[in-house]
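Residue numbers (the numbering used here), protein chains in the order written: chain A, 1 to 147; chain B, 1001 to 1147; chain C, 2001 to 2147; chain D, 3001 to 3147; chain E, 4001 to 4147; chain F, 5001 to 5147; chain G, 6001 to 6147; chain H, 7001 to 7147; chain I, 8001 to 8147; chain J, 9001 to 9147.
Glycine included, C-beta positions come from ideal geometry on N, C-alpha and C.
Note that the coordinates shown come from a computational prediction; the quantities given were computed from them, not determined experimentally.
One structure below.
Protein chains: 10
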Amino acid sequence: MDRPTVTAKILDAKVRKGLKWSAIADKLGHSKEWTTAACLGQMTFSKAQAEVAQGLFDLTDEEAAWLQIVPYKGSLPGAVPTDPLIYRWYEIVSVYGTTIKELIHEEFGDGIMSAIDFSMDITRSPDPKGDRVNVVLSGKFLPYKTY
Amino acid sequence: MDRPTVTAKILDAKVRKGLKWSAIADKLGHSKEWTTAACLGQMTFSKAQAEVAQGLFDLTDEEAAWLQIVPYKGSLPGAVPTDPLIYRWYEIVSVYGTTIKELIHEEFGDGIMSAIDFSMDITRSPDPKGDRVNVVLSGKFLPYKTY
Amino acid sequence: MDRPTVTAKILDAKVRKGLKWSAIADKLGHSKEWTTAACLGQMTFSKAQAEVAQGLFDLTDEEAAWLQIVPYKGSLPGAVPTDPLIYRWYEIVSVYGTTIKELIHEEFGDGIMSAIDFSMDITRSPDPKGDRVNVVLSGKFLPYKTY
Amino acid sequence: MDRPTVTAKILDAKVRKGLKWSAIADKLGHSKEWTTAACLGQMTFSKAQAEVAQGLFDLTDEEAAWLQIVPYKGSLPGAVPTDPLIYRWYEIVSVYGTTIKELIHEEFGDGIMSAIDFSMDITRSPDPKGDRVNVVLSGKFLPYKTY
Amino acid sequence: MDRPTVTAKILDAKVRKGLKWSAIADKLGHSKEWTTAACLGQMTFSKAQAEVAQGLFDLTDEEAAWLQIVPYKGSLPGAVPTDPLIYRWYEIVSVYGTTIKELIHEEFGDGIMSAIDFSMDITRSPDPKGDRVNVVLSGKFLPYKTY
Amino acid sequence: MDRPTVTAKILDAKVRKGLKWSAIADKLGHSKEWTTAACLGQMTFSKAQAEVAQGLFDLTDEEAAWLQIVPYKGSLPGAVPTDPLIYRWYEIVSVYGTTIKELIHEEFGDGIMSAIDFSMDITRSPDPKGDRVNVVLSGKFLPYKTY
Amino acid sequence: MDRPTVTAKILDAKVRKGLKWSAIADKLGHSKEWTTAACLGQMTFSKAQAEVAQGLFDLTDEEAAWLQIVPYKGSLPGAVPTDPLIYRWYEIVSVYGTTIKELIHEEFGDGIMSAIDFSMDITRSPDPKGDRVNVVLSGKFLPYKTY
Amino acid sequence: MDRPTVTAKILDAKVRKGLKWSAIADKLGHSKEWTTAACLGQMTFSKAQAEVAQGLFDLTDEEAAWLQIVPYKGSLPGAVPTDPLIYRWYEIVSVYGTTIKELIHEEFGDGIMSAIDFSMDITRSPDPKGDRVNVVLSGKFLPYKTY
Amino acid sequence: MDRPTVTAKILDAKVRKGLKWSAIADKLGHSKEWTTAACLGQMTFSKAQAEVAQGLFDLTDEEAAWLQIVPYKGSLPGAVPTDPLIYRWYEIVSVYGTTIKELIHEEFGDGIMSAIDFSMDITRSPDPKGDRVNVVLSGKFLPYKTY
Amino acid sequence: MDRPTVTAKILDAKVRKGLKWSAIADKLGHSKEWTTAACLGQMTFSKAQAEVAQGLFDLTDEEAAWLQIVPYKGSLPGAVPTDPLIYRWYEIVSVYGTTIKELIHEEFGDGIMSAIDFSMDITRSPDPKGDRVNVVLSGKFLPYKTY
């Protein structure tokens, strides 16, 4: 057994039971973003969280134990994603990558925006010309140290 | 002559003159995000915008003409960026890519968040535990059509 | 269970029953292009469409449920397709890619031809020197916005 | 000297003189699609065509001679194009590649659609919801032979 | 079931029964080159050919049906083959590729040698210094069209 | 100076002087296949051959000396060639590679067809349905030894 | 001008003047590890540091200005380094990567060791069986947050 | 059976029994670093060590035998690791690789730091600003020989 | 069934029975180098050799038949081997490749050292500073022919 | 200036002066293998050795200084060499890599053959069936340590 096997079982149960990520997030008491990433095998469950998941997805004790093991992260097959929705994000990094770098350095100096001390919020924004997806990313700035 | 040559000349002038992206953006009358991407060779200048840039960066007429040609976009050398700041964004796509996909589909159905009808806003958010980089991405949802 | 498993089962049933894509499309009430892409795991079925497919291909309820989940798209193994028919399309993009880019920009300005708000129509055109494959691609033009 | 050098000089002259591909095509007496591909270094000029190009782009005799040499074709840097407009075409091949294969085989049997005995026509189609890019591809069907 | 599964079964039967490709070709009434490629999953069988193969390799009806489906072609794992015999062919393309291009263009003008309207003949040529492999490749020349 | 520089100079002279490979081969007294490969930087010239080339292409003594240095061989940029004519040869290796392997092994046992003790002959074969390119490859069979 | 050009000039001056990294570090008042990385184009100089470097390496004012621009980081050509000394480090990551992951997670839980809030110290440790290279890496632990 | 199968079984048993690497290391009488690497399939067990592991993880005799076979080493899928913790190490090699090379050569001359005659020690270092991961790497210096 | 399956079975039997390659080689009457390569799926067995192997490794008749089929050669997963022992050989080719090329050409002229008409001998050479691995490679020189 | 520039100058001088590697090695007082690798930019010269090279190849003082800087090693462009002579060595690693691994481990246990404490000797061995290239590689065995 490994974590990808448990992830596949979770997805299987979700489709079979017709669950929604937002409802699962409510049950777990966390944001839908963290919850979905966790169920997709990218985050580590606490014991309590794993028990909730066990109930929701009919997992065995061993499967629930695997949810509490830190997973090997990275959800995409291959360096460049083929799925059009995910590719658009890759394209944003490709087209705007140097722009993001310039502007963060101009404001903060040399360092990075953390992808660990990080949160994301995805919302729908109504628009007469077509609704929009709004995504807020928040990451702690970590400065390079001189030593 | 080609666009990368003009981009290099712009960067050279920016360093030599000690200009800031936010000040350049004010001169051009656009957001700092669009402005920086444009100066880095990812967006197309209108005639009026190119004239402002020509003045700011001491460009020749031919160089200003190249700013108005739609560039071959993509600002990164290689499929996986090595620069730590840009890599963190690649990592966000890698770790959260399937999560973003699931949540947008749950809210909107099958389709994508546009990277063309798109804007970005990067701000600093003070935080006693360390200031944060906040980035808001806004893209129109485009549904797949059945035909 | 996952979508590729259902796709494989659909292909298996199609061969076993000797079905044609055009006949399947008639049953689903859509174009043969959308229908084939959907059956090959690239598009999302509505509930009604999934029920028709379930009948045609002897799918279980769970398999029919998976047809209604947005799939991870991309139908080719590897960045450069080895199959000669598909490679010719890759070659067209390779040889004519910059040409297409120049001509769309000359007509429309900076932006893209959408691959989402998109349709395709493949027909046979009789020709005494050898019949021709005619393909019409139609995609909405999406302009880059200045902000 | 080599063909890419001549291509760069042509692009340079085109920007400097503010020429349009459609006007260049009229001068050469061919479609804008063939003409653009030829000027971008993908097609071979006849002597007469090269003389017209020589006049339009102020080429030397040696540069005009290179236009008549069959070029090493392929206009993109890298296997997966980063430019969003060209990527959308790569995405169409990725998402619809197996669909195109199935439908051409269903109609014609085993073989390919030629990318050599081939023509392309790009037009604008007005649409109240946003104008569309229409592209017609026409390629001779070439059957695999049994021997 | 898919074509690679049938190919594996054919190879299994060939080894178990000690068959030779030339004998199989005689049974099918075609060249040993086409026959071998077809059995290795690269060509499409007619109904009659599939029935002969069914008898030779003890295939089920469903397996025989798959032989009549146009396969996804390409017989090598990876872009550069590791097997020494096949690598030598890759090396010939690498070392002589530009030579072949120059000489075909010198004789025929711009165009290609078809790999579809194509046949191959492999023979042994006795030689006191060591027998030689002689391979004759014949492909129709297809000229690029100006349009 | 290096060999690619000399190759570029040879190509430059060939275009400028309007030479043909077959005429160059006659001057050198070898086949057009070996001659072209040698001029394209894949083969090593003898002193006498280099002197003929020096005269034909107006080379300096140092350039002629470089023709006699064994070159780093391989004429293609990238593992998979983008040029359609050369790609068709790559495709032949991809589609027929395992077939060639099987048939040579069936006739000769384990070993390879040499790409070193090797010659090639490219000819035009008139055909009412379209002239054909015929290529004869001849390579010594080299058996694997048991030791 | 760009940062790699300044880096090349610094290396050139270092060889010409016979400088040592440890001596350069003393002049800059920082560790030899940070100093070397900075001179090799991986770190950002303050104004004061750039002035010291300007004196040491005979840089122009513009070159000194570029030292204060945050560089695009990543010092290796290619994903897998070919240099044996650097490869051994890649090998350590390859062989011990999962071990490091397991042990940090066992001690700290889910999170990472920062490569930004990070320092390194390289020393020689005498050993009768052959002196050893001792490297101490120190990085802040950054925990994944649940939100 | 092969070593990866035994590694998977060990991980399975570790999760099921809730074992810690440090406790396993105590049982084996070695450092937690060597022990973890060995259990993860990167090191070779002696007969005595394999017997301890057999008891701890309920292995069969054959599985214990495989632990004593030298494994094919390398623990990561792909050239660039996607897991954030392991990637940070890759990033250290990428950003500091040339720095490490320069400083070891300055101290020792030409040669490498061995990754074979090598040990690693990972410890937690309390820090009011956030605890740190300290890693000490020790490798024998091996000089290149002139011969 | 295929050759890799038989190779896995051979390795399994070797571990289970505690056999040594040198002892297996004695049974087969060949060098330990050829024997090991053959058992690892890189060489072709004669009927007599296959019968010996059948007895040694408890193979079925069908498995023994597969040993007599010429295998698809190449024993490494990926272009750059991750295993440290094998990587050192890759490193020798990388660091010394151009040296080997220069010296063989200086002695023999243009051509190659055969990897087919080839043998290898690996021995231990005692050395007070640490025993050495001595490997003798012997390959027939094959000259390029002018034609 | 950098080392590759000096290497190119050395090769240029060698061709111009018609020097042989064996004669250069005699002048330097080392083996032809080490000498060639050093001149090709893979080894580090001592001051005395650099002075000899300076005289032989007409180098400037600065060029001679660069010979004494440890180079970034690796002499091949790309992961898989295209040159046939060098490829044969890559093929030996590919076909025999696992064999070499097995036999060294059987004789020495877990560890590697050093590519640093290493020497090579290339000789011609007359043979009536065609002279052979004999290469002796000698590397110290380095055992993995348990800690």
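First and last residue of the uninterrupted alpha helix (DSSP H) at residue i
i	result
Val4133 (chain E)	Val4133 (chain E) -> not in any alpha helix (DSSP H); beta strand (DSSP E) instead, spanning 4132–4143.
Lys8032 (chain I)	8032–8039
Ile9024 (chain J)	9021–9028
Leu59 (chain A)	Segment: none, Leu59 (chain A) is in no alpha helix (DSSP H) and carries neither H nor E.
Beta carbon of residue i nearer than 8 Å to that of residue j
i	j	result
Phe8141 (chain I)	Gly8097 (chain I)	no
Val8015 (chain I)	Ala9079 (chain J)	no
Ile4104 (chain E)	Leu5085 (chain F)	yes
Thr1036 (chain B)	Glu33 (chain A)	no
Leu8993 (chain J)	Lys9027 (chain J)	As displayed, chain J neither begins before 9001 nor continues past 9147, which places residue 8993 (chain J) out of reach and without an answer.
Val4135 (chain E)	Gln5042 (chain F)	no
Thr1044 (chain B)	Pro1071 (chain B)	yes
Trp3089 (chain D)	Val2133 (chain C)	no
Tyr8144 (chain I)	Ile5116 (chain F)	yes
Ala2053 (chain C)	Leu2040 (chain C)	no
Gly3139 (chain D)	Met3113 (chain D)	yes
Residues that DSSP places opposite residue i in a beta bridge
i	result
Asp1121 (chain B)	B:Val1136
Met2001 (chain C)	According to DSSP, which records beta bridges pairwise, Met2001 (chain C) is partnered with nothing at all.
Gly6111 (chain G)	G:Pro6143
Exposed unless 16 or more other CB atoms sit within 10 angstroms - verdict on residue i
i	result
Asp7058 (chain H)	exposed
Pro4004 (chain E)	exposed
Ala7065 (chain H)	buried
Asp2127 (chain C)	exposed
Glu63 (chain A)	buried
Thr4060 (chain E)	exposed
Ala3038 (chain D)	buried
Task: Under 8 Å (Cβ pairs) to chain C, residues found in the stretch 5068–5089 of chain F - done: Val5080, Thr5082, Pro5084, Tyr5087
- [ ] Check each residue of the stretch 29–59 of chain A: if its Cβ is closer than 9 Å to any Cβ of chain G, include it; give the result in chain order.
- [x] His30, Ser31, Glu33, Trp34, Ala38, Met43, Thr44, Ser46, Gln49
Open item on the list: Give me the subset of the stretch 5095–5116 of chain F whose CB atoms are less than 8 Å from a CB atom of chain E, sorted by chain position.
Closed with: Val5095, Tyr5096, Gly5097, Thr5098, Thr5099, Ile5100, Lys5101, Glu5102, Leu5103, Ile5104, His5105, Glu5106, Glu5107, Phe5108, Gly5111, Ile5112, Met5113, Ser5114, Ala5115
Task: Contact list for the stretch 4009–4029 of chain E against chain I, Cβ threshold 7 Å - done: Asp4012, Val4015, Arg4016
TODO: Using a Cβ-Cβ cut-off of less than 9 Å, list which residues of the stretch 129–140 of chain A approach chain G; keep chain order.
DONE: Lys140
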